[in-house]
Structure formats: structure tokens, C-alpha cells
Amino acid sequence: MAGNPRAELVVVADPFAEAAGALAERYKCDPSTDCEAAIDREDVDAIIIGTPTDTHLDYLLRAVGKGKAVMCEKPVDRDIARSRAAVEEIERLSGRVMMAFNRRFDPTSREFRAAIDAGEIGEIRQVIITSRDPELPPEDYLRHSGGIFRDMVIHDFDFARFLLGEEPVEIMAMAGRLVDPGLEKIPDFDTVMVQMRTASGKQCHINCCRSAVYGYDQRFEAFGSVGMLLQDNLRPTTIRRWNSTQTDAREPLLNFFLQRYQESYQAELEHFISALEAGTAMPVTVRDGLIASWLAECAYESIRTGRAVRVQPSSRN
């Protein structure tokens, strides 16, 4: 935000005074340890919520209630009933809210979607999404996250909708604790697979793991009637090396999401500001956030029952 010439960073709010103060000094704005007071300021027009999952909803509703525009990280809330009620209230108030599903704004991902729209691979038949983190997050983070489907896989649910162009109507999920069996006490999982089907029969396979020793693994494949598209991992450079000890050696994958999706965060902010300036619809709405959250709930239901779950359209609303 501080580097965007179309906006002015007014205040940074963080419950840790040292963190807020350091950022405020660096970016020449006010520090605050009171998020609600920061939202209430008369010189603040828009809010970016990047706080822990279980705080999103209260800050979001407070901001909308005061007429502030909001870009909020996923999900709306860990609880689907609270999320649905919040979305209904935001829509009743005509709140200007954008959900921060940043992958949609990644330059490579947008070119990927444009190629699908241009008919380069014909009719979509299958979408395959691989998403693996470099290491397991701290336990305290996991306890507040809402679980792997609501916190991590929710990005993949949204991206699947983005690529398929249709809503899933059936979902089957499996989950395990292959990295840390101790996650049972939270409870949470670290390794999952999901299969989804749309009404027209399009298929999507998602596989996620919290720990990949080789780095941040983000790969996407779209297979169609006349071809295939593959979006591979990004690396610091495209150099490949051959010598007496290695063949086709490449640099390691980018470290984590902050490096991999740096451009997409900037583009996401540009779209948010553009929508505010032009008075147009947000490119990703709270309703999109609710649908992704409902897919997460269906995944948990599939794990509980060991069966495929029908995603009823009425349940997403």
C-alpha cells in the first residue's frame, strides 16, 4: 500500500506496539495498537484486514458499518453460519468488500485463464491443482486458522472455480496427518486430496500438503478437448545447469507465498483501488469467499462420512 501512488497509507494497526511502530516509521504513517480505533478514524476511507482468521469478521463488519471499503484476507470467518450471516449483512448494507484471493491476480494465472477463455485447449475436461507449503506453520497459528481446508485449501477451492468457470456440485475429500501425527490434538490435518465435479461433468483434483522439503510448490494444469495448459513453479532465474555432477539442475523454488505471489499482491491492490475509484463491482466478492468456505465445509463432511458430498446450490447462499 505504501508503495502505491494511487493511495495514501494513513495508519498501521498491530497489537504488538514494536511491530506497528517499526512499520509506521518506515512508511511515514501513524502506528496504533488498537485495530478498532484505526478503523474508526475519519481520515481512513478503506481498510486492509490481514489479521488472524478468528478476528476477520468483527473488523470487517465494523468497517462496513462505518461506510469504509474493505479488502479482507480469507476466510470471512471459521464458522460457516457466522460467515453466511455476515455476508448477508454486508450485502444488505451494500458494503464495498473485496476478498483477497490473490492467486486470481497473479500475472501468469491471468494469462492461464485468458488462454482457456480464448479456446486454446477447447472444452475444459480436467483441472489439477498442486499446492504445497515448505514447512508446517507454528502450532499457535494452526489453532487459530480454522483447519487446513478453511485456511490453506480455500485458495485452491477459489482457484478451481476461477479455472473451471462452473460451480462444483460434488466433492470427495481425504485427509491425513503424515507430517505431524500430533495435529490430532488441535485437531487438524497436514496432507489432503480433494476431487470435485461440476454439473456438466468437468473434473478437478486438488492435492495439498503443509510440508514439502524442496520449497513452495504451486503447479496448475488444465486439460481440454484440443490441448493442455501447464502453469509451472516460478524460480529466481531460468538458468539450468549441466556438468559432471548434475544434470538439468535448476535453482530451488521460491521460498514461500510472499516471494511467489509478490506481483499478484500488487495487482490485487490495483484492482481494489480501481474498483473504488470507478465505483464498479469488486473483482472478488464476499459471496465468492462464502462459496469457497462452503466447499471447505463440504470437504470436512466428506471426511467425516467417508463419502462424496453433494454441494447443494441453495447451501452456498
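If you read the sequence shown in the numbering used here, its first letter stands for residue 50, the second for the next number, and so on.
Each residue gets a CB set at the ideal place from its N, CA and C atoms; glycine is no exception.
Three-state secondary structure assigned by DSSP to Val-228 | Sequence index remark: in the sequence shown, residue 228 carries index 179 (1-based). Val-228 falls in the coil class under three-state DSSP.
Taking all protein chains shown into account, do 16 or more other C-beta atoms lie within 10 angstroms of the C-beta of Met-277, making it buried, or fewer, making it exposed?
-> Reading the sequence shown from its first residue, position 228 is the one you call residue 277. With fewer than 16 Cβ atoms within 10 Å of its Cβ, Met-277 is classed as exposed.
Cβ separation of Leu-106 and Arg-131, assumed to be a contact under 8 Å, to the nearest whole Å = For the purposes of this step, residue 106 is taken as the residue at position 57 of the sequence shown. For the purposes of this step, residue 131 is taken as the residue at position 82 of the sequence shown. With a Cβ gap of about 6 Å, Leu-106 and Arg-131 count as contacting.
Can you give the Cα-Cα distance for Ala-316 and Asp-155, rounded to whole angstroms?
-> Working through the sequence shown from its first residue, we reach residue 316 at position 267. Working through the sequence shown from its first residue, we reach residue 155 at position 106. Approximately 7 Å, taken between the alpha carbons.
Which residues in the same chain as Asn-151 place their Cβ atom closer than 7 Å to its Cβ, once the five residues preceding and following it in sequence are excluded?
-> Locating residue 151 in the sequence shown gives position 102, where the first residue counts as 1. These residues qualify, in order along the chain: Tyr-310, Ser-313, Tyr-314 and Glu-317.
Assign Asn-256 to buried or exposed, taking buried as 16 or more other Cβ atoms, counted over all protein chains shown, within 10 Å of its Cβ.
-> Residue numbering aside, residue 256 sits at position 207 when the sequence shown is read from its first letter. The residue is buried, with at least 16 neighbouring Cβ atoms inside 10 Å.
Reducing DSSP to helix, strand and coil, say where Glu-22 ends up.
-> This structure gives no information on residue 22, because the portion of the chain shown stretches from 50 to 366.
Spatial neighbours of Ala-118 within its chain, please: CB distance less than 6 Å, with the 5 preceding and 5 following residues excluded, ordered by chain position.
-> If you number the sequence shown from 1, residue 118 lands on position 69. The residues are Ala-95, Arg-145 and Leu-325.
Pairwise C-alpha distance: Leu-142 and Ile-178 = Numbered from its first residue, the sequence shown carries residue 178 at position 129. Numbered from its first residue, the sequence shown carries residue 142 at position 93. Roughly 36 Å between the two C-alpha positions.
Mind pulling the beta strand (DSSP E) runs of 3 or more residues that sit fully within the stretch 256 to 292?
-> 266 to 273 and 277 to 280
Local conformation of Ile-170 per DSSP, three classes = Along the sequence shown, one-based indexing puts residue 170 at 121. If DSSP states are grouped into helix, strand and coil, Ile-170 belongs with coil.
With DSSP run on the structure shown, which of helix, strand or coil describes Thr-240?
-> Sequence index remark: in the sequence shown, residue 240 carries index 191 (1-based). The answer is strand: DSSP assigns Thr-240 an E or B state.
Which whole runs of the beta strand (DSSP E) in the stretch 54 to 124 are 3 residues long or more, in chain order?
-> 60 to 62, 79 to 81, 95 to 98 and 118 to 121
Could you spell out the range, first to last residue, of the alpha helix (DSSP H) harbouring Val-136?
-> Position 87 of the sequence shown, counting from 1, holds the residue named residue 136. Val-136 -> alpha helix (DSSP H) spans 129 to 141.
Which same chain residues, not among the five before or five after Glu-215, have their C-beta less than 8 Å away from its C-beta?
-> Numbered from 1 along the sequence shown, position 166 holds the residue referred to as residue 215. Answer for Glu-215: Thr-247, Ala-248, Ser-249 and Lys-251, listed in chain order.
Between the CA atoms of Phe-161 and Arg-226 - distance to the nearest angstrom = Here residue 226 corresponds to residue number 177 of the sequence shown, with the count starting at 1. Here residue 161 corresponds to residue number 112 of the sequence shown, with the count starting at 1. Each residue's Cα considered, the two are about 33 Å apart.
Start and end residues, beta strand (DSSP E) containing Val-146 | On the sequence shown, position 97 is the one that residue 146 refers to. It spans 146 to 148 - the beta strand (DSSP E) in which Val-146 sits, taken as one unbroken run.
When you compare only the Cα positions, how much space is there between His-193 and Glu-169?
-> Position 144 of the sequence shown, counted from the first residue, corresponds to residue 193. Position 120 of the sequence shown, counted from the first residue, corresponds to residue 169. If I take the Cα positions, the gap works out to 42 Å.
Ser-180 bridges to which residues according to DSSP?
-> Working through the sequence shown from its first residue, we reach residue 180 at position 131. Partner(s): Cys-257 and Gln-267.
Distance between beta carbons of Glu-346 and Ile-203, contact taken as under 8 Å = By 1-based counting over the sequence shown, the position of residue 203 is 154. By 1-based counting over the sequence shown, the position of residue 346 is 297. Between Glu-346 and Ile-203 the Cβ distance is about 11 Å, and since that is not below 8 Å, they are no contact.
Of the listed residues Gly-52, Thr-100 and Ile-197, nearest to Ala-149 (C-alpha basis) = Taking the first residue of the sequence shown as position 1, residue 149 is located at position 100. The candidate whose alpha carbon is nearest that of Ala-149 is Thr-100.
Nearest-angstrom Cα distance between Val-228 and Gly-196?
-> Indexing the sequence shown from 1 puts residue 228 at position 179. Indexing the sequence shown from 1 puts residue 196 at position 147. Spanning the two alpha carbons is a distance of roughly 15 Å.
Backbone CA spacing between Ala-112 and Pro-187 [nearest angstrom] = For the purposes of this step, residue 112 is identified with residue 63 of the sequence shown, where counting begins at 1. For the purposes of this step, residue 187 is identified with residue 138 of the sequence shown, where counting begins at 1. Rounded to whole angstroms, Ala-112 to Pro-187 spans 29 Å at the Cα level.
Would you give the residue range spanned by the alpha helix (DSSP H) that Tyr-310 belongs to?
-> Indexing the sequence shown from 1 puts residue 310 at position 261. Careful: Tyr-310 lies outside any alpha helix (DSSP H) and carries neither H nor E.
Give the straight-line distance between the Cα atoms of Cys-258 and Asp-239, rounded to the nearest whole angstrom.
-> Taking the first residue of the sequence shown as 1, we reach residue 258 at position 209. Taking the first residue of the sequence shown as 1, we reach residue 239 at position 190. Distance between the alpha carbons of Cys-258 and Asp-239: 6 Å.
Run through DSSP, which three-state label would Gln-315 get?
-> Counting from 1 along the sequence shown, the entry for residue 315 is found at position 266. Residue state, collapsed to three classes: helix.
Pairing CB atoms from the stretch 56 to 70 with CB atoms from the stretch 79 to 90, are three or more of them under 8 Å?
-> yes
Quick one: what does DSSP say Val-358 is sitting in, helix, strand or coil?
-> Here residue 358 is taken as the residue at index 309 of the sequence shown, counted from 1. Strand, per DSSP.
In whole angstroms, what is the alpha-carbon distance linking Val-241 and Gln-295?
-> Residue mapping note: residue 241 aligns to position 192 of the sequence shown, counting from 1. Residue mapping note: residue 295 aligns to position 246 of the sequence shown, counting from 1. Those two C-alpha atoms are separated by around 33 Å.
Is it a yes or a no for the stretch 343 to 361 touching the stretch 217 to 225, going by three-plus beta-carbon pairs under 8 Å?
-> yes
Measure the CB-CB distance between Val-61 and Val-93 and report whether it falls below 8 Å.
-> Walking along the sequence shown from the start, residue 61 turns up at place 12. Walking along the sequence shown from the start, residue 93 turns up at place 44. No, these two residues do not count as a Cβ contact at 8 Å.
Just how far apart, CA to CA, sit Asp-103 and Phe-321?
-> By 1-based counting over the sequence shown, the position of residue 103 is 54. By 1-based counting over the sequence shown, the position of residue 321 is 272. So the alpha carbons of these two residues sit roughly 23 Å apart.
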